[in-house]
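One point on numbering: in my numbering, the residue at position 274 of the sequence shown is 266, and numbering is uninterrupted. Before any comments, here is the structure.
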Amino acid sequence: MSRRFLELLLLVAAGAAIGWAADKAALSFVGALVGCGIWAVRDGLRAQRVLRWLNKADVSRMPELEGFWGELLDRCRKLIKKLEKKAANSDARLEDFLAAIQASPNGVVLLDAAGRIEWANLTASNQLGFDPQRDLGQYVRNLVRHPAFNAYLSAGDFGHEITIDGVGPRPSQPAKISLQIHPYGKKRKLMITRDITAVQLAEAMRRDFVANVSHEIRTPLTVLSGFVETMQSLELSNEERQQYLGLMSQQAHRMQTLVNDLLTLSRLEGSPAPGQGEWCGTQELLEHAVQEARGLSQAIASTPHRIEPSAGSASFWVSGAKTELISAMSNLMSNAVRYTPGGGLIEPGWRINDEGVAEFYVTDAGPGIAAEHLPRLTERFYRVDRSRSRETGGTGLGLAIVKHVAQRHGGRIDVQSTVGQGSTFTIALPPTRVRTTPPG
């Protein structure tokens, strides 16, 4: 028998006994009712304490009760603790899940049935240009004001992705964002975004590269084809034949140079970066580059250039692939020869700056380069003066090769130029690739 029931019996018995002692049956019945009432009031007060505690749900401040209510409180306390632990685990898993989505390179936006933003990670916010906290609850179509997106959202056909303009580094250069919506739940939507600016830029560069290669090869092929047709259909004197053959050889050499430069670029991009096991003397590298430049000057210039190593050139050792370093240096030297008028001064040299960086520099007396061209000089087939470059046999790939060689050695290429005063091209190599004492 429970303690609560015993308390009820005792109160009823006590009330009945008091009424019986008064020797009246009616009073005995009234006493029993009074006992029941006292018990009900007392039990009701305990129930109110339990309800107040349940409303607060504060396990640490549980009221002290005995009997039935004490046992009920204890069981409630255990159940609440169990639920709190389960909720804490769920919250932790949710936080981990949201952190994973937050770290995703793709943008994620959760929309309710009406198209309002319920949650968004920073990637999507940066790509689409809204605030992930302030703009919660806002209609996404009011924040992403792009006709293609509004039409896509209104049509409800989400089986494909669309491309819209996103937030770019400058208003004139918006980013390209790929976006697709995936319905889920009760008319809710999951919106995934990707920044495809680099992909589209690479695709554009690929198309430009193919177009440029085709153009560069088509011109000498057209010349060769024309000379071959002429030699096949016309009677030519020996002098004319030799002249045509010389021009054909020149165009064939131009195509061979272009193919060699393309193969060099392909090899640089597809092979691992050179280590630091091979050390080369800067004096030997400089002499090799100067010799090649003088040979080119005699071949293309009516008056050979004055190619003299700089008086301040230093002698030390650099680490890297010798063939690549010679190729980069020769390209800088040939670039100076092609753009410097005949008889002009070209001064190459090596030095170590105050930060311990090794620098190979070439200073020419050419026409100089306008500032708007400088950022694009190392792009493939980019030429400041296309006609002059083709006249002197340039392929437009020399500085691209120099940039790749410098980057593979952990360095960079710098250009300083003033229109009408010449230019200085520099290959900088990090201090870890420099030694002032002979390698042992």
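Ideal placement from N, C-alpha and C gives every residue a C-beta, glycine not left out.
Nearest to residue i (by Cα), restricted to the options the options
i	options	result
residue 343	89, 329, 205 and 306	306
residue 396	358, 311, 362 and 259	259
residue 105	131, 376, 249 and 255	131
residue 186	118, 122, 146 and 225	118
residue 332	358, 300 and 147	358
residue 304	345, 314 and 271	345
residue 310	96, 426 and 92	426
residue 439	79, 337, 269 and 262	A query on residue 439 cannot be resolved here, the shown segment of the chain reaching from -7 to 432 and no further.
residue 246	255, 266, 213 and 265	213
residue 399	85, 421 and 417	421
residue 289	264, 267, 265 and 334	334
residue 388	242, 209, 308 and 413	209
residue 243	226, 216 and 44	216
residue 300	325, 312 and 199	325
residue 149	128, 172 and 129	172
residue 167	147, 151 and 188	188
residue 339	349, 374, 283 and 314	283
residue 298	328, 95, 266 and 313	328
residue 256	390, 123 and 230	390
residue 360	376, 151, 393 and 413	413
residue 266	287, 313 and 403	313
Counterpart residues of residue i in DSSP-defined beta bridges
i	result
residue 338	299
residue 158	167
residue 406	418
Per-residue DSSP class, three states only, for residue i
i	result
residue 187	strand
residue 44	helix
residue 351	strand
residue 411	coil
residue -3	Low confidence applies here, because residue -3 scores a pLDDT of 49, under 50, leaving its location unreliable; read the following figure in that light. The answer is helix: DSSP assigns residue -3 an H, G or I state.
residue 181	strand
residue 102	strand
residue 372	coil
residue 428	coil
residue 85	helix
residue 129	coil
residue 19	Because the pLDDT of residue 19 is 49, which lies under 50, any placement of that residue in the model is unreliable, and the question is left without a value.
residue 68	helix
residue 461	Nothing in the structure corresponds to residue 461, since the chain is present only between -7 and 432.
residue 3	Note on residue 3: pLDDT 49, under 50, position unreliable in the model; the coordinate value appears next. Here residue 3 sits in helix by DSSP.
Start-to-end residues for the alpha helix (DSSP H) that takes in residue i
i	result
residue 168	Not the alpha helix (DSSP H): residue 168 falls in the beta strand (DSSP E), residues 165 to 176.
residue 262	230 to 262
residue 141	139 to 147
residue 287	274 to 292
residue 318	314 to 331
residue 397	390 to 400
residue 133	132 to 135
Residue i, enclosing beta strand (DSSP E) - first and last residue
i	result
residue 414	414 to 421
residue 311	309 to 311
residue 110	109 to 112
Cutoff 9 Å: residue i Cβ touching any chain D Cβ
i	result
residue 282	The question asks about chain D, but that chain is absent: this structure has only one protein chain.
Contact between the region 346 to 360 and the region 321 to 331 (3+ Cβ pairs under 8 Å): yes
With a threshold of 8 Å, are at least 3 pairs of Cβ atoms found where one atom belongs to the region 277 to 289 and the other to the region 222 to 237? no
Is the region 362 to 371 in contact with the region 392 to 412, if contact means three or more CB pairs nearer than 8 Å? yes
Counting pairs of Cβ atoms below 8 Å between the region 177 to 186 and the region 95 to 106, do you hit three or more? yes
Does the count of Cβ pairs from the region 168 to 179 and the region 212 to 223 closer than 8 Å reach three? no
Across the region 128 to 143 and the region 152 to 160, are there enough close Cβ pairs to call them in contact, namely three or more that are closer than 8 Å? yes
Hey, is the region 194 to 214 in contact with the region 244 to 251, meaning 3+ C-beta pairs nearer than 8 Å? yes
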